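Student: Residue numbers (my numbering): 555 to 695. Pasting a structure here, questions to come.
So this is what it looks like as structure tokens:
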């Protein structure tokens with residue numbers, strides 16, 4: 555299951571070298587991740603309503619090429635795991651398919667009241683993902 559957003563690199567995202575500051579890439583990834591989660595009806599509001607928080611536990615980023623001022627890129631998020639944790643892979647590419655960045659985030663389910671790590675994803679999330687995959691004609695495993 556994937557989602558994508560288009561991003562145009564604004565001036566305030568640049569570092570003194572004139573390229574997008576490395577920390578800003580996480581904002582671009584977050585835009586795609588939110589769109590992905592909304593695609594299977596599990597936005598951050600819905601997460602909280604279901605009694606869970608999903609902090610990011612791990613990230614990896616490979617900066618392949620720098621992004622520059624006003625550059626338009628496509629940020630794609632792809633859900634890889636959802637049964638025990640949320641693993642999302644990302645790509646940032648231009649219109650020609652040139653890769654600029656690839657990344658991964660891992661989020662873990664935490665009880666919203668106790669803030670304790672839980673074992674396994676809430677059933678609502680699993681059901682929503684499976685239903686969305688089936689509707690798209692994609693494998694559910």
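Each residue gets a CB set at the ideal place from its N, CA and C atoms; glycine is no exception. These numbers come from a predicted model, not from an experiment.
Do you know how far the Cα of residue 683 is from the Cα of residue 690?
Tutor: As a working note, residue 690 is residue 136 in the chain shown. As a working note, residue 683 is residue 129 in the chain shown. Rounded to whole angstroms, residue 690 to residue 683 spans 11 Å at the Cα level.
Student: Compare the Cα-Cα distances from residue 613 to each of 603, 653, 581 and 566 and report the closest residue.
Tutor: Start at 1 with the first residue of the chain shown, and residue 613 comes out as number 59. Here the closest residue by C-alpha is 581.
Student: When the Cα atoms are used, what is the spatial distance from residue 608 to residue 677?
Tutor: Stepping through the chain shown from its first residue, residue 608 is reached at position 54. Stepping through the chain shown from its first residue, residue 677 is reached at position 123. Taking the straight line joining both Cα atoms gives about 14 Å.
Student: Any chance you could list the alpha helix (DSSP H) runs of at least 4 consecutive residues sitting entirely within the stretch 589-665, in chain order?
Tutor: The qualifying runs are 598-603.
Student: Less than 8 Å between the C-beta atoms of residue 556 and residue 631, yes or no?
Tutor: Against the chain shown, residue 556 aligns to sequence position 2. Against the chain shown, residue 631 aligns to sequence position 77. For residue 556 and residue 631, yes; Cβs fall inside 8 Å.
Student: In terms of alpha-carbon separation, which member of 624, 566 and 590 lies closest to residue 633?
Tutor: Numbered from 1 along the chain shown, position 79 holds the residue referred to as residue 633. The candidate whose alpha carbon is nearest that of residue 633 is 590.
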